[in-house]
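**Student:** Protein chains in written order, with the numbering used here: chain P, 1 to 226; chain D, 227 to 452.
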DNA sequence: AGACATCGGAGGTCTGACCATTAGCCTTGA
DNA sequence: TCAAGGCTAATGGTCAGACCTCCGATGTCT
């Protein structure tokens, strides 16, 4: 089904962009609406596109995060996989931090600093803190300027989030998290890739140890999907 | 589209199982063939199912080794992503080799050695060599005993394979590849995780340099899918 | 026994109609 | 004037049946 390629080539897709309606788009591509719809279903399954009945079809993000779904299968089957997940993050995230230190634009550095500040202000609210946490990691991966790494990391982060939902966040760790994040960002801003990598490792190891010490509290069997 | 769920619930899927033909299946589910096909496309996009024109539709392994497809989109859009891919492999594969050195069972070590031998025998046939190459990497990831890492690496390897198809393999590099592989496997067998990591890095860097020196020879715009 | 021709059955596509849902406009009433 | 509710056009969702293309197995010929 190279009509997928056609779709991509034709409508130079930008995130958020709305696609032409199916009738027109099918005409423009020289295929039937039925075939077009099959292609759209595939894109939708990959989370590249979102279809809203009665409204339209929109480009979501070009980075398919869908990897998370099948990975979640592993988690469901094997509970010990949580530690496997951390092991992988201990591999990829320090590397991403190092790359970010080398490649981040000044705008990206600013965004990182802003995120840290916002995190400090949200210190009281555990839920918000979690959100800032994942956004910070995301910003770092963005600053690494590697689309593949970013896609992989996004999947892992999604997994990590689904784990977080199962665990009760211990608020007393908030100051620790923030100070570790600060270390990472400072190293990146200083363009010190080695320090950034080290700081990220420290952060992940500490979080993992916390998890080991206070294992999941929620019901592990009923993790909702969609 | 919960018909997806219907599909899964109805035909209790076992890997390799062949689905009823679309006409019958649509009837049995009480939907039209068009709708059924859209659902199948979604499943196919997630690599849960494989459709073969003129033959039938089969349940692919539920083990999610797959997921390469969405990443391939990135490659399709951004050709420079090939180097991003190598960058990520330079991060994950040495780590996997190190883990393998620590955790491989004796059976897995034997399998690694066998693969090396088989690779040497296939030295003449470039195509076979490629196959042994990817199998060796796969074995290493297996020996790392980390399901998440394995799934991620499998996706990346799938990507790497699709790149290989676009490039003409330079046979004169066969001896180099084999000797580098041997170094990696020897380090793993010696339980020397650091050496394994280093050897793997050397291998990947060399391959990447080759790629840079002799870029894709095939027509880059018409890479067939499926 | 092997190579080739044939044919049934599978997925791939097309057409054109109708149904279901949404967003936005427009009327209505306070 | 403004808010609540209903109408309407646009859009995706589904359907039906036809035809094309491709694969695999069967059977035939050499």
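For each residue, glycine too, the CB sits at the ideal point set by N, CA and C.
Quantities reported herein were computed from a predicted structural model and do not represent experimental measurements.
1. Residues of the segment 364-386 of chain D with a CB closer than 8 Å to any CB of chain P: list them in chain order, please.
2. Is residue 41 (chain P) helix, strand or coil by DSSP?
3. At which residues does the beta strand (DSSP E) containing residue 52 (chain P) begin and terminate?
4. Along chain D, in chain order, which residues have C-beta atoms closer than 9 Å to that of residue 102 (chain P)?
5. Only counting the same chain, and skipping five residues up and downstream in sequence, which positions put a Cβ closer than 6 Å to that of residue 423 (chain D)?
6. If the criterion is Cβ atoms closer than 7 Å, does the pair residue 268 (chain D) and residue 277 (chain D) meet it?
7. Taking one C-beta from the segment 325-332 of chain D and one from the segment 409-429 of chain D each time, how about it: are there three or more such pairs within less than 8 Å?
8. Counting Cβ pairs closer than 8 Å, one from the segment 423-436 of chain D and one from the segment 333-346 of chain D, do we hit at least three?
9. What is the residue span of the beta strand (DSSP E) that residue 119 (chain P) lies within?
10. Please tell me whether residue 310 (chain D) has its Cβ less than 7 Å away from any Cβ of chain P.
11. Would you kindly work out how many angstroms separate the C-alpha atoms of residue 29 (chain P) and residue 20 (chain P), rounded to a whole number?
12. Taking 7 Å as the CB-CB limit, is residue 425 (chain D) close to chain P?
13. Near residue 17 (chain P), which residues of its chain fall below 6 Å by C-beta distance, leaving aside the five closest residues on each side in sequence?
14. Inspect the beta-carbon positions of residue 367 (chain D) and residue 379 (chain D) and report whether they are closer than 7 Å.
15. According to the neighbour-count rule (16 or more other Cβ atoms, all chains shown, within 10 Å of its Cβ), is residue 301 (chain D) buried or exposed?
16. Closest Cβ-Cβ distance between residue 184 (chain P) and chain D: below 7 Å?
17. Assign residue 299 (chain D) to one of two classes, buried (16 or more other C-beta atoms within 10 Å of its C-beta) or exposed (fewer than that).
18. Are residue 315 (chain D) and residue 382 (chain D) close, meaning C-beta to C-beta below 7 Å?
19. How would you call residue 55 (chain P), buried or exposed, if buried means at least 16 neighbouring beta carbons within 10 angstroms?
20. So, for residue 425 (chain D): in the same chain, excluding its five sequence neighbours on each side, which residues have a beta-carbon less than 6 Å away from its beta-carbon?
21. 7 Å is my cut-off, CB to CB: does residue 357 (chain D) come that close to chain P?
22. Does chain D have any CB closer than 7 Å to the CB of residue 33 (chain P)?
23. In whole angstroms, give me the CA-to-CA distance for residue 283 (chain D) and residue 257 (chain D).
24. Would you say residue 414 (chain D) lies against chain P (beta-carbon separation less than 7 Å)?
25. As an exercise, report each continuous alpha helix (DSSP H) stretch of at least 4 residues that is fully enclosed by the segment 391-440 of chain D, in chain order.
26. What first and last residue would you give for the alpha helix (DSSP H) that runs through residue 26 (chain P)?
27. Which same chain residues, not among the five before or five after residue 419 (chain D), have their C-beta less than 6 Å away from its C-beta?
28. Label residue 310 (chain D) either buried or exposed according to how many other C-beta atoms from any shown protein chain fall within 10 Å of its C-beta, with 16 as the threshold for buried.
29. If the criterion is Cβ atoms closer than 7 Å, does the pair residue 119 (chain P) and residue 137 (chain P) meet it?
30. List the whole-angstrom C-beta distance separating residue 407 (chain D) from residue 342 (chain D), where the pair is believed to meet the contact cut-off of C-beta under 8 Å.
31. Answer with buried or exposed for residue 175 (chain P), where buried requires no fewer than 16 other C-beta atoms within 10 angstroms of its C-beta.
32. At 7 Å on the CB atoms, spell out the chain D contacts of residue 88 (chain P), in chain order.
**Tutor:** For this structure:
1. Listed by position along the chain: 372, 373, 374, 375, 377, 378, 381, 382, 385.
2. DSSP places residue 41 (chain P) within a helical segment (H, G or I) once states are collapsed to three.
3. Where residue 52 (chain P) is concerned, the enclosing beta strand (DSSP E) starts and stops at 49-52.
4. Residues of chain D passing the Cβ test: none, with the nearest at roughly 11 Å.
5. Same-chain partners within the cutoff: 320, 323, 324.
6. Inclusion of residue 268 (chain D) and residue 277 (chain D) in the CB contact set at 7 Å is not warranted, their separation being larger than that value.
7. Flag = yes, the segment 325-332 of chain D and the segment 409-429 of chain D touch.
8. The segment 423-436 of chain D makes no contact with the segment 333-346 of chain D, as fewer than three CB pairs between them are under 8 Å.
9. Residue 119 (chain P): not part of any beta strand (DSSP E); member of the alpha helix (DSSP H) spanning 106-121, first to last residue.
10. Between residue 310 (chain D) and chain P, the shortest Cβ-Cβ separation is below 7 Å.
11. Their Cα atoms are separated by approximately 11 Å.
12. Residue contact with chain P for residue 425 (chain D): absent (no Cβ-Cβ distance below 7 Å to any residue of chain P).
13. The residues are 59.
14. Closer than 7 Å, so yes.
15. Since pLDDT at residue 301 (chain D) reaches only 48, below the 50 mark, its modelled position is unreliable, and the value read off the structure follows with that caveat. Of the other Cβ atoms in all chains shown, 16 or more fall within 10 Å of the Cβ of residue 301 (chain D); this residue is therefore buried.
16. Contact with chain D is absent for residue 184 (chain P), since none of that chain's Cβ atoms lies less than 7 Å from the residue's Cβ.
17. Residue placement at residue 299 (chain D) is poorly supported in this model, since its pLDDT is 48, which falls under 50; the coordinates are not used for a value here.
18. In this structure, residue 382 (chain D) lies closer than 7 Å to residue 315 (chain D) by Cβ.
19. By the neighbour-count criterion, in which 16 or more other beta carbons inside 10 Å mark a residue as buried, residue 55 (chain P) falls on the exposed side.
20. Excluding residues up to 5 positions away in sequence, 409, 410, 413 lie with their Cβ nearer than 6 Å to the Cβ of residue 425 (chain D) in the same chain.
21. Closer than 7 Å: no.
22. At a cut-off of 7 Å between C-beta atoms, residue 33 (chain P) does not count as an interface residue with respect to chain D.
23. Going from the Cα of residue 283 (chain D) to the Cα of residue 257 (chain D) covers about 18 Å.
24. Closer than 7 Å: no.
25. If we require 4 residues or more, the alpha helix (DSSP H) runs fully inside the segment 391-440 of chain D come out as 400-415, 419-439.
26. Residue 26 (chain P) -> alpha helix (DSSP H) spans 22-29.
27. Answer for residue 419 (chain D): 324, 327, 328, listed in chain order.
28. The residue is buried, with at least 16 neighbouring Cβ atoms inside 10 Å.
29. No, Cβ-Cβ distance for residue 119 (chain P) and residue 137 (chain P) is not below 7 Å.
30. Taking 8 Å as the upper bound for CB-CB distance, residue 407 (chain D) and residue 342 (chain D) are in contact here, some 6 Å apart.
31. Exposed.
32. Contact annotation for residue 88 (chain P) against chain D: 372, 374, 375, 378 [CB-CB distance below 7 Å, chain order].
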